[in-house]
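Residue numbers (my numbering), protein chains in the order written: chain A, 3 to 148; chain B, 98 to 319. Note that CB positions come from ideal geometry on N, CA and C, so glycine has one too.
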Amino acid sequence: MENFEPEIVAFCCHYCAYTAADMAGSKRISYPSNVKIIRVPCTGKVDAIHIMKALEKGADGVYVAGCLEGDCHFKNGNTRAKQRVARVQKFLEEIGWEKERVEMINMSAGMGERFARTAHEFTEKIRELGPNPVKQSIKTEIQALA
Amino acid sequence: MITAEQKPMQEIIQYIAPYDKILLIGCNECVTVCAAGGRKEVGLLASALKLDRLKHGKTIDIKEITLERQCDPEYVEELVATIDDADAVLSMACGCGVQTIAERFNKKHVYPAVNTKFMGASQSQGVWVERCQGCGDCMLGITAGICPVSRCSKSLLNGPCGGTSNGQCEIGPETDCAWVLIWERLKALGLESRYEELVEARDWRPAGGAGPRKIIREDLVL
């Protein structure tokens, strides 16, 4: 557990969080390499099943980063994403998982610092929660297949 | 459409606890439209069930399939190729679909994953409301297109009752008094005189009072 490095999947909207990550890079602000970014055209594209699959495949935490509320490039994709994240959180609670492993975050394209800070904070939160409970089972399964 | 809602996860988990190979079957009809048991929900439930098992250090083999309709034998027959591999079947269709599968594959353990709710219409995105109780003797033609059987809490045929207040039903402010709606619509249509016509006590046998109902269309029977 001491050496636990969380693997985090971040679904980032092309128009805000992804650009914010770019901004963080341009400003030479570092953020943890634990965060693996998946660029999406809008967070409205992120479905509950995408988040579930990430967890199923072993991600320790997943966050969806969309535009500030009211600023969605496609009008309301981010509010839809927020509802879907809430649904997944409910699902996780029902099967006894920590719902905090999944989160919705909002930021604008200019918030490079916020992107980096969020990546740090989320990584630390997941570090405290510990590894994805399925990770060990997945490893055993892979070993068995090998 | 027939509306449904997914059962609580723990109930589903308990049903399938003894099995390691599950065939999870969705339905492309009503439960897809009300987002309870279509292909998407099948994927989501399969994922959640796998996460639950993995958390306990176990695995589960879930095969996902979504039939065009689970309440028609022709489509249920498609399961012949896959059902033998499964220890049990988990169906996300309404009660009609679950029973069609259980009847066709009578040695298979079949479980429901949704609670079938009512015959309803979509009021707005994500909201479904009850609009029909299948009473078998539709009276919408005399009630201005508003059904007192399904929408009046007492199914009164000559309403309203004393529980109506400012257009709302006494059971709660979210329920409109069906008979106020009927009266307002009759007025708007200039059909007030219809309101004066009393509906006689009716025969409730077509509504299910005479046991399970059946339709036989001689011209279609093979």
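(1) Which residues, taken in chain order from the segment 48-60 of chain A, show a beta carbon closer than 7 Å to some beta carbon of chain B?
(2) Would Asp149(B) pass as an interface residue toward chain A - the criterion being a Cβ-Cβ separation below 8 Å?
(3) Can Val211(B) and Lys104(B) be called in contact, C-beta distance under 8 Å?
(4) So, helix, strand or coil for Asp182(B), using DSSP?
(5) What are the complete alpha helix (DSSP H) segments, minimum 4 residues, inside the segment 201-236 of chain B?
(6) Who are the Cβ neighbours of Thr21(A) in its own chain at under 6 Å, not counting the five residues just before and after it?
(7) Starting from Gly63(A) and walking both ways along the beta strand (DSSP E), at which residues does that stretch end?
(8) For the segment 127-142 of chain B, enumerate the residues whose C-beta is nearer than 8 Å to any C-beta of chain A, in chain order.
(9) Only counting the same chain, and skipping five residues up and downstream in sequence, which positions put a Cβ closer than 8 Å to that of Arg103(A)?
(10) Compute the Euclidean distance between the alpha carbons of Gly308(B) and Gln230(B), then round it to the nearest angstrom.
(11) Does Phe6(A) come within less than 8 Å of chain B when only Cβ atoms are used?
(12) Looking at Tyr208(B): is its Cβ nearer than 8 Å to the Cβ of Val186(B)?
(13) As an exercise, report each continuous beta strand (DSSP E) stretch of at least 3 residues that is fully enclosed by the segment 92-146 of chain A, in chain order.
(14) Kindly say whether Gln220(B), judged by its beta-carbon, lies nearer than 8 Å to any beta-carbon of chain A.
(15) So is the beta-carbon of Glu96(A) under 7 Å away from any non-hydrogen atom of the ligand NAD?
Well, looking at it:
(1) Ala50, Ile51, Met54, Lys55, Leu57, Glu58
(2) In the second sequence, counting from the first residue as 1, residue 149(B) sits at position 52. At least one chain A Cβ lies under 8 Å of Asp149(B).
(3) Here residue 211(B) refers to the residue found at position 114 of the second sequence. Here residue 104(B) refers to the residue found at position 7 of the second sequence. The answer is yes: Cβ separation under 8 Å.
(4) As a first step, residue 182(B) must be located in the second sequence, where it is residue number 85. DSSP places Asp182(B) in coil when its eight states are reduced to three.
(5) none
(6) Translated into positions along the first sequence, residue 21(A) becomes position 19. Within the same chain, Thr21(A) has close Cβ partners Ala111.
(7) Translated into positions along the first sequence, residue 63(A) becomes position 61. From DSSP, the beta strand (DSSP E) with Gly63(A) extends over 63-68.
(8) Lys137, Gly140, Leu141
(9) Numbered from 1 along the first sequence, position 101 holds the residue referred to as residue 103(A). Only Leu57, Asp62, Gly63, Val64, Leu94, Ile128, Leu131, Asn134 meet the Cβ criterion.
(10) Taking the second sequence and counting its residues from 1, the one referred to as residue 308(B) is at position 211. Taking the second sequence and counting its residues from 1, the one referred to as residue 230(B) is at position 133. Straight-line Cα distance between these residues: approximately 15 Å.
(11) Indexing the first sequence from 1 puts residue 6(A) at position 4. Phe6(A) does not count as touching chain B.
(12) In the second sequence, residue 208(B) corresponds to position 111, counting from 1. In the second sequence, residue 186(B) corresponds to position 89, counting from 1. Yes.
(13) 104-108
(14) For the purposes of this step, residue 220(B) is taken as the residue at position 123 of the second sequence. Not closer than 8 Å to any Cβ of chain A, the Cβ of Gln220(B) fails to qualify, so no.
(15) As far as ligands go, the structure on display features none, and thus does not contain the ligand NAD.
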